[in-house]
Structures are given as C-alpha cells and as structure tokens.
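Engineer: Pasting in a structure now, in structure tokens, and then I'll have a few things to ask.
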C-alpha cells in the first residue's frame, strides 16, 4: 500500500525522471542529428519538470499576492526554470544552425554516413 | 545485443533515481525541506521589499536579478554563435547590410 | 503562401497579438507573465508575419539594423539599471534603496526598477527570437 | 570600493564584447589594442583583489543588497582570485598570439565575431569562479559552453561542424546532468547558496543519504563530461583536431581547467570533506582518474595527427589533476592546483607551436616532423620544451607537479596509485620523445634546405618565448607559486 501512495503522490518526479532518461536514451542511440536535438529537448523538459515539481504544494495557488492567507506554491523553482528554458532554446537554435551547415556540406544528416564520408576523406589524403 | 545492455542500463538508472525520490517526504505540503524560511520571506516580505505583487517577477528581476542578466547574455551569445555558423559576415566596406 | 485569406487574416490579427504581448510585458510584475512571455508573444507575431509575407517584406518591417540595435540595447539597458545602484555605492542591481520609486502595489509604475527591466527583457527576447528565425530562414534562400 | 571590483571586471569584459560591433567602422587593430587594454586592466584589478583578499579575507558581495539567503552572492577568496589571475595571464598570451596570427583558418572578416565570443567566454569564466550560488554557476556554465562551441565552429571547414555538433550534444548532456544535481540538492536542502547548502547538508545527509549521493554523482558525471574526464572524453580529440589552434589552446588549457575548478568548489565548498568521506565519493573519483591517466596516454600513442595526440594527452593530464583532488588531502590539492598551472602553460605552448608548425609545414602527421628543429627553431624549440615538461624532465614545471603528486600519494601509502602515476609518465615518454628526437636529431631529409628558416611573424613569436620562459621559470623556482597555492587551499577548506 505504501508503494502505491508513493507512486501516486510523486508522479511528477517519476515523470520528470522518465523524460530525462528517455531523452538521454534518444541522444545516445539515434544517429539522425535532428532526432538527437529533439532528444536533448526532451531531456531538458524532464529536468525542468523535475525542478518545478519540487515547488509543488497541494492546493497552493500561484504566488500573486492577493491579500488573505492562501497557501502559495514555492516560487523559487519556477523562477530558476524560466532561465533554464531560455537557455535550452538558445542551445537548440545553435545546434540547428550547425545541422543546416552539416547538411549543406555533407548532404546527409545521419551521423553514421557522415563518419563514413570523413573516413573516406582521411583515407584519400 | 548492445541495445539490450543500453536499455537495461537506463532501467537501472530509473530505479536508482526513483529510490532517491523515495526518501523524500511524500506529502507536498509547506513543511517539505525545500519550503523553508527563504520561501516564506519571499512570500511575506516580497511585496514590501520590491513592491511587485507577482512574486515570481520580483524574484526574477530583484532578488535573483543577476541570473536574468546572465541569461540575457546567453541570448546575446546565441545570436553571435548562430550568425557565426550560418551568416558569412560581409566585407566591411559593404555598407548596406553589415553582418553581425 | 500566396493565399489571400491567410494574408488578410494575419494583417488583422497581428496588431492584437502584439498589443497583448505589450500588455503582458507591462503588467509583468502585477499579473502572471513578464518579460519572457510577452517578448515571446511579440516575437511569434513577427515570425508569423515573416512566414506569411516572406523574408524580404519582413526584412523591411524588422530591419537588420533594428535587430542589432535592440539586442545590444536590451543588454546595455539592463547593465545601466544595475550600474545606477553602483553610483550610490550600493551593490549591483539594488532596487528600492537605490532610489527607484516603490509606488503603490498593483499599479504599472510601481515596483521600482522591475517594470523597466521587464521592458528590457521583453525587447531582448523579442529581437533575439526574430533575428534567430531570420538567420535560419535566410540561410535557406541564399 | 574594493568590493565592487569583481563585478566591474565582468562588466568590463561584457562592455568590450558589446563594443566590438560598434568599432567596426575603424581599422581592426584599434579593436585589438582596446581588447589588450581591457585584458591588462582586468589583470591589474585581479592582482589588486588578490592582495586585498590575502590580507583582509574574502570579499562577500550580495547582489541587490539582499541578505545572503535571499539573493545571489559573489564570494571572492584566495582560491577564486588566484585562478582568475592565472586565467587572465594565459588568456593574454593566447590573445597576443591570436591577434598576430594570420595562420588560422578563420577568415579575416570573421575576426570581429571571434573576439566577441572570446570576451564573453572570459566573462563567464570569471563569473564561474566568483559566484557562490549553484544555479548561477549553471547559467555561467551555459554561457561558457555555447561560446566554446561557437569558437570551435567559427572555422568554416567540413569536419569542424561535425565535431562542434558532437561537442554541443555532449556539453548539453553535461550541463543538464549538472542541473539535475542542483535540483536534487535543492530538493534536499532548499537553498542554492553554497555556504547555506554546506551548513544544511552537514545536518541533513543522514536523512537523505541516497539523494545526496546521486546528486553529487550526477554533478561529477556532468562536470566530468565537460572537463573531458576519461570515460566521457569522446568529444575532445575531434574538437581539437579541427578547431583553430588558438581555440583549442583556450579550450584545453583554460576551459577544461575551469570545469575542474567548479568540481573542486562543489566538492569542497558544498559537500565538505567529512561528508564526502562518509559517502565515500573520493573512491569514484580515484577510479575515474587512474583509468583516465592510463587510457588517455594509451590512446595518445596510437595517434598520427599531432592535434589529436595533444587532445588525448590532455585527457591523461586531466586524470592527474582529478587524482590530486580526489585524495582530499592538503598535499593532494597542492599537487593538483600546481598541475593545473603547469599543464595550462605547457598545453598552450604545445598547441600554439603546433599551430605555427602545421600552418608553415602544411603537415599534421607526426612522422613528418623530422628536421623541423632547424627549419622552425622557435616553434619547435618551444614544442620540445613543453613536451619535455609533459614527460616530467627536471627543470620544467611538469617535473615539479609530478613530484608533488607522487609525494601526496606516498603520504597515503597507496602504492597502486604511485604505480599508476609512474606507468602513465612512462607512457607520456613514449609519445612525446619521438617527436622531439626526430625534430632535432634526424635532419638528413631536410639537409639541403637548412638555410631557409621560416620567419614566424613577431606577433606569434613573443607569446611562444614568454611561454617557454614561464615553463622553465616555474620549474626552477616553484616556491613563490607554491605559497600562493597554500593560501588558495586554506581558503578553499575554510
């Protein structure tokens, strides 16, 4: 019974951890560059979900002061995640720019084919 | 075969992390370890210190304003980075469209 | 995207999206939202304009010079506000003690430097989004 | 007034980076001269801060004039100001080299962007060493990683893009696992300020032991990926072989060291020695370091391309430093910090001279180096001084750091570690000595062209000579640097 309540209560944490690991799995196993960028985004969302879930308080309301004595959620994780989201946007744009360049020079965005092409070049010179 | 090893590795990592969370107090109430006197100060004194009713905005710009400055610098450097990869900056003499 | 309907729709929709984005930025310290959300909204409105009307026309609306100015401008605004506190010998980015007016809560010009910083962040996020989109798009054509 | 200096240094770098686009109208070397003035100003102010910190204790600077627990805090003590001085000195040498250097693959018109990224990179490194806040370190780590990737991919060549892409991917996994560690720590303690986390961890680690073990191991993995510790070093050799040699000098001599310093800050300031020993974390670090020392050198032997070999030898040297840190003793830290200095100098010397050699001789293969000592006396001379230093020949700084590391390991009587150090030094000999021998002793192939000594431009010559003098100087008189390091260690453990 205790395990079930653990599961129900901490579903946000488990979701965050699952997304983090799924993202890591995608980046590690897939060789298509765009898929790896998406894997990084999934990983980022997983960490951000985990971080925000720390601040969750049962039936707490968002921290806009409106008088009275309501229970507020913990605002600090949401502030930290605002920065995290913008950071992951800029990293994704940079890796997309790199993928465009790789596609123009190599004609493919599959990591295996690219390393084959590089080996052939090294073989020649 | 290699795929099974990697999948097994990720499942073990998942169980390990769930165990880390298992120790945490289950009920999400205001006596969780992370809901400490810092958060209470933000909520109670946030309005008097900064005058902003939206505590998240108050923390973002006043209490932890340096984080947001750092993050604006991330935005600025991401433009320079993306432009350095994609946009060949024109020669200096070309007046019309200066590359970044 | 030569579709007539889409063009007229965007021409009608754009001002309202941008107005709402400006509202979110200005009310950042009163209601939920703030520099990032509002800046992203205005940014998406211009990206919509670029998609529908094509890059050359979007270039005229949001020229390269304006983008460059806004980016470094947003950053310089933020650093300048932080430096004001340094003049009084207080640490960087001090808010109320450094002479920013507290105002009464709930009004737009209330929380000292916070609305100014919100506007700075809004400009920064908006111009970064749009010029990143233009960098990626521009590479396609040329 | 002195308290405001650290933030003014950061803003100076930021102002310089912002002013480069505005100076585009004028000739380019006015920007270069202005950049050099900025670097000198920062060097003087960091020396000034160092003297002040030694005498009056650490500078605590709270942003926004808030209490320690509310806002972000800069804690500038002997440890951070000592290493910022080291970083600024090395960056100045590389800056002089890169401004006088036309050999790089970067086209002339890309220079403006290269220097914007350079100054933002310097700003983020200073920020990382100064902040006393875990999440703020994450923000600066992100700035550092995006600028280092941009520096690598600025050279528009085919393989720079693929190696930059792999570097971005691994870097992003590194920073996200670091953030995951910060999230777990915030979950257990509720603070992000390092000193407050330290105090609350020392009470709370009995109740949440697994949480804290997983948090620190995520941080070690994250920072290990970025610092190219052995199992996660895959990105380093490709990034080095394709990047311009000034960028790979910056990357392997300075940026990798900054990530190691962040790891030391987290280990010593956030967790503290007794909690670490209780959770027996140092064992993981020792294992990682010793595998890295051996395997890094083994891979380096098999390389044909000079820059890839230097990259793999960096992985081995990072293993030395991590080994020194993982001993958690005073001498271990002393050896590790000294090795950070000496490896920084030697690796910069190796990369800059290799860059000059590759440009003039158009060769990257190791066995084309015969007789080079007479063709390019300065570049090859410096390459061999630094190579001898890496091996650990007396009179060079490498010898002093290996000696200290051996003494630190001996103090703990762990004979296996001593054996590993000796084996890895022997492996170093195997891949550095042949190059030096072939460059100076075998010269029949180039006999007929002895008189055409390549004239490396003056702008590139001075930094090479300064580096050579520093390596020998550090080797012959290590005492002054040693007691500077003593201050840094005592302030770290306080």
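Chains as they are written, first to last, in this note's numbering: chain A, 2 to 126; chain B, 165 to 264; chain C, 216 to 357; chain D, 56 to 549.
Ideal Cβ placement from N, Cα and C applies to all residues, glycine included.
Grab me the residues of residue 166 of chain D's own chain with a C-beta within less than 7 Å of its C-beta, minus the 5 sequence neighbours each way, in chain order.
Structural biologist: Working through the fourth chain from its first residue, we reach residue 166 of chain D at position 111. Closer than 7 Å at Cβ, skipping near neighbours: 83.
Engineer: Using the Cα positions of residue 3 of chain A and residue 189 of chain B, report the straight-line distance between them to the nearest angstrom.
Structural biologist: For the purposes of this step, residue 3 of chain A is identified with residue 2 of the first chain, where counting begins at 1. For the purposes of this step, residue 189 of chain B is identified with residue 25 of the second chain, where counting begins at 1. Rounded to whole angstroms, residue 3 of chain A to residue 189 of chain B spans 12 Å at the Cα level.
Engineer: For residue 116 of chain D, return the contacting residues in chain E, with the cut-off set at a CB-CB distance below 9 Å.
Structural biologist: Going by chain labels, chain E is absent from the structure shown, which instead holds the protein chains A, B, C and D.
Engineer: Here's a check: name, in chain order, each residue in its chain whose Cβ is nearer than 6 Å to the Cβ of residue 345 of chain C, leaving out the five neighbours to either side.
Structural biologist: As a working note, residue 345 of chain C is residue 130 in the third chain. Hits under 6 Å: 258, 261 and 277.
Engineer: Strictly under 8 Å for the Cβ-Cβ distance: is residue 175 of chain B near chain D by that measure?
Structural biologist: Working through the second chain from its first residue, we reach residue 175 of chain B at position 11. Taking 8 Å as the threshold, the shortest C-beta distance from residue 175 of chain B to chain D does not fall below it.
Engineer: Cα separation between residue 262 of chain D and residue 250 of chain D?
Structural biologist: As a first step, residue 262 of chain D is located in the fourth chain; it is residue number 207 there, counting from the start. As a first step, residue 250 of chain D is located in the fourth chain; it is residue number 195 there, counting from the start. Distance from the CA of residue 262 of chain D to the CA of residue 250 of chain D, rounded to the nearest whole angstrom, comes to 19 Å.
Engineer: Below 9 Å between beta carbons is the criterion; list the residues of the segment 35 to 48 of chain A that meet it against any residue of chain B, in chain order.
Structural biologist: Sequence-ordered contacts of the segment 35 to 48 of chain A with chain B are nonexistent [C-beta pairs closer than 9 Å].
Engineer: Along chain C, which residues have their Cβ under 9 Å away from the Cβ of residue 88 of chain A?
Structural biologist: For the purposes of this step, residue 88 of chain A is taken as the residue at position 87 of the first chain. The premise fails here: residue 88 of chain A is roughly 12 Å from chain C at the closest Cβ pair, so nothing lies under 9 Å.
Engineer: I'd like to know whether the C-beta atoms of residue 286 of chain C and residue 237 of chain B end up nearer to each other than 8 Å.
Structural biologist: For the purposes of this step, residue 286 of chain C is identified with residue 71 of the third chain, where counting begins at 1. For the purposes of this step, residue 237 of chain B is identified with residue 73 of the second chain, where counting begins at 1. Cβ distance not < 8 Å, so residue 286 of chain C and residue 237 of chain B don't count as in contact.
Engineer: Can you pull the chain A neighbours of residue 152 of chain D, defined as C-beta to C-beta under 8 Å?
Structural biologist: In the fourth chain, the residue the question calls residue 152 of chain D occupies position 97. Those do not exist, as residue 152 of chain D stays about 26 Å from chain A at its closest Cβ, beyond 8 Å.
Engineer: What does a CB cutoff of less than 6 Å around residue 46 of chain A pick up in its chain, not counting 5 residues either side in sequence?
Structural biologist: Along the first chain, read from residue 1 onward, the residue named residue 46 of chain A stands at position 45. So the list reads 20, once near-sequence residues are dropped.
Engineer: Is the beta carbon of residue 547 of chain D less than 8 Å from the beta carbon of residue 319 of chain D?
Structural biologist: One-based indexing of the fourth chain puts residue 547 of chain D at position 492. One-based indexing of the fourth chain puts residue 319 of chain D at position 264. Yes, the pair counts as a contact, with Cβ atoms nearer than the cut-off.
Engineer: Got a sec, what are the start and stop residues for the beta strand (DSSP E) residue 129 of chain D sits in?
Structural biologist: Here residue 129 of chain D refers to the residue found at position 74 when the fourth chain is read from its first residue. Looking at the DSSP string, the run of the beta strand (DSSP E) that includes residue 129 of chain D is 128 to 131.
Engineer: Using a Cβ-Cβ cut-off of 8 Å, state whether residue 235 of chain B counts as contacting chain D.
Structural biologist: Position 71 of the second chain, counted from the first residue, corresponds to residue 235 of chain B. Closer than 8 Å to some Cβ of chain D, the Cβ of residue 235 of chain B qualifies, so yes.
Engineer: Under the assumption that residue 352 of chain C contacts residue 232 of chain B (Cβ atoms under 8 Å), give the Cβ distance between them as a whole number of angstroms.
Structural biologist: As a position in the third chain, residue 352 of chain C is number 137, starting the count at 1. As a position in the second chain, residue 232 of chain B is number 68, starting the count at 1. With a Cβ gap of about 28 Å, residue 352 of chain C and residue 232 of chain B do not count as contacting.
Engineer: So residue 114 of chain D is in the beta strand (DSSP E); what residue range does that whole segment cover?
Structural biologist: Within the fourth chain, the letter at position 59 stands for residue 114 of chain D. Here the beta strand (DSSP E) through residue 114 of chain D covers 114 to 117.
Engineer: Can you pull out the residues from the segment 216 to 244 of chain B whose beta carbon lies closer than 8 Å to at least one beta carbon of chain C?
Structural biologist: 216, 217, 218, 220, 221, 222, 224, 225, 226, 229, 230, 232, 233, 236, 237, 239, 240, 242 and 243
Engineer: Please classify residue 60 of chain A: does DSSP put it in a helix, a strand, or coil?
Structural biologist: Working through the first chain from its first residue, we reach residue 60 of chain A at position 59. Residue 60 of chain A: coil per DSSP, three-state reduction.
Engineer: Assuming residue 397 of chain D and residue 453 of chain D form a contact by the criterion Cβ under 8 Å, report the distance between their Cβ atoms to the nearest whole angstrom.
Structural biologist: Within the fourth chain, residue 397 of chain D is the residue found at index 342, counting from 1. Within the fourth chain, residue 453 of chain D is the residue found at index 398, counting from 1. Going by Cβ atoms, the distance from residue 397 of chain D to residue 453 of chain D rounds to 6 Å, so yes, they are a contact pair.
Engineer: For residue 251 of chain D and chain A, any beta-carbon pair shorter than 8 Å?
Structural biologist: Here residue 251 of chain D refers to the residue found at position 196 when the fourth chain is read from its first residue. So, not an interface residue.
Engineer: Please state whether DSSP places residue 418 of chain D in a helix, a strand or coil.
Structural biologist: The count along the fourth chain starts at 1 and reaches residue 418 of chain D at position 363. Here residue 418 of chain D sits in coil by DSSP.
Engineer: Taking the beta carbon of residue 503 of chain D as the centre, do at least 16 other beta carbons fall within 10 Å, making it buried, or is it exposed?
Structural biologist: Numbered from its first residue, the fourth chain carries residue 503 of chain D at position 448. Low per-residue confidence applies at residue 503 of chain D: pLDDT is 49, beneath 50, and the placement is therefore not dependable enough to give any value.
Engineer: Can you check whether the CB of residue 198 of chain D is closer than 8 Å to the CB of residue 175 of chain D?
Structural biologist: Your numbering for residue 175 of chain D matches position 120 in the fourth chain. Your numbering for residue 198 of chain D matches position 143 in the fourth chain. Taking 8 Å as the Cβ cut-off, residue 175 of chain D and residue 198 of chain D qualify as a contacting pair.
Engineer: Are any of the Cβ atoms in chain D nearer than 8 Å to that of residue 21 of chain A?
Structural biologist: Along the first chain, read from residue 1 onward, the residue named residue 21 of chain A stands at position 20. Judged by the 8 Å Cβ criterion, residue 21 of chain A is in contact with chain D.
Engineer: Return the residue from the list D:487, D:476, D:437 and D:529 that minimises the CA-CA distance to residue 450 of chain D.
Structural biologist: Taking the first residue of the fourth chain as 1, we reach residue 450 of chain D at position 395. Residue 450 of chain D has its Cα closest to that of D:529, out of D:487, D:476, D:437 and D:529.
Engineer: Residue 33 of chain A by DSSP, collapsed to three states: which one?
Structural biologist: Working through the first chain from its first residue, we reach residue 33 of chain A at position 32. Looking at residue 33 of chain A - three-state DSSP - the assignment turns out to be strand.
Engineer: Hey, is residue 84 of chain A's beta-carbon within less than 8 Å of any beta-carbon in chain D?
Structural biologist: Taking the first chain and counting its residues from 1, one reaches residue 84 of chain A at position 83. It does; some Cβ of chain D falls within 8 Å.
Engineer: With 8 Å as the threshold, decide whether the Cβ of residue 97 of chain A is near any Cβ in chain C.
Structural biologist: Translated into the one-based positions of the first chain, residue 97 of chain A becomes position 96. Cβ-Cβ to chain C under 8 Å: yes for residue 97 of chain A.
Engineer: When you compare each of D:103, D:218, D:124 and D:348 to residue 61 of chain D by their alpha carbons, which one comes out closest?
Structural biologist: Translated into positions along the fourth chain, residue 61 of chain D becomes position 6. Nearest of D:103, D:218, D:124 and D:348 to residue 61 of chain D, Cα basis: D:103.
Engineer: Can you tell me the Cα-Cα spacing of residue 290 of chain C and residue 118 of chain D, whole angstroms?
Structural biologist: Translated into the one-based positions of the third chain, residue 290 of chain C becomes position 75. Translated into the one-based positions of the fourth chain, residue 118 of chain D becomes position 63. Those two C-alpha atoms are separated by around 18 Å.
Engineer: Since residue 119 of chain D meets chain C, which of its residues come closer than 7 Å, beta carbon to beta carbon?
Structural biologist: If you number the fourth chain from 1, residue 119 of chain D lands on position 64. What residue 119 of chain D touches in chain C: 306, 308, 309 and 310.
Engineer: Could you pull the DSSP bridge partners for residue 231 of chain B from this structure?
Structural biologist: For the purposes of this step, residue 231 of chain B is identified with residue 67 of the second chain, where counting begins at 1. DSSP lists no partner for residue 231 of chain B.
Engineer: If distances are taken between C-alpha atoms only, which option among D:336, D:123, D:388 and D:193 comes closest to residue 235 of chain D?
Structural biologist: For the purposes of this step, residue 235 of chain D is taken as the residue at position 180 of the fourth chain. For residue 235 of chain D, the nearest C-alpha among the options comes from D:193.
Engineer: Just to confirm before moving on: does the CB-CB distance between residue 202 of chain B and residue 245 of chain D stay below 8 Å?
Structural biologist: To locate residue 202 of chain B, count along the second chain from 1; it is residue 38. To locate residue 245 of chain D, count along the fourth chain from 1; it is residue 190. A contact, by the Cβ cut-off of 8 Å.
Engineer: Does the count of Cβ pairs from the segment 273 to 293 of chain D and the segment 224 to 235 of chain D closer than 8 Å reach three?
Structural biologist: Judged by Cβ distances under 8 Å, the segment 273 to 293 of chain D makes contact with the segment 224 to 235 of chain D, as three or more pairs qualify.
Engineer: Answer yes or no: does any C-beta atom of chain B fall closer than 8 Å to that of residue 190 of chain D?
Structural biologist: Against the fourth chain, residue 190 of chain D aligns to sequence position 135. Yes, contact with chain B.
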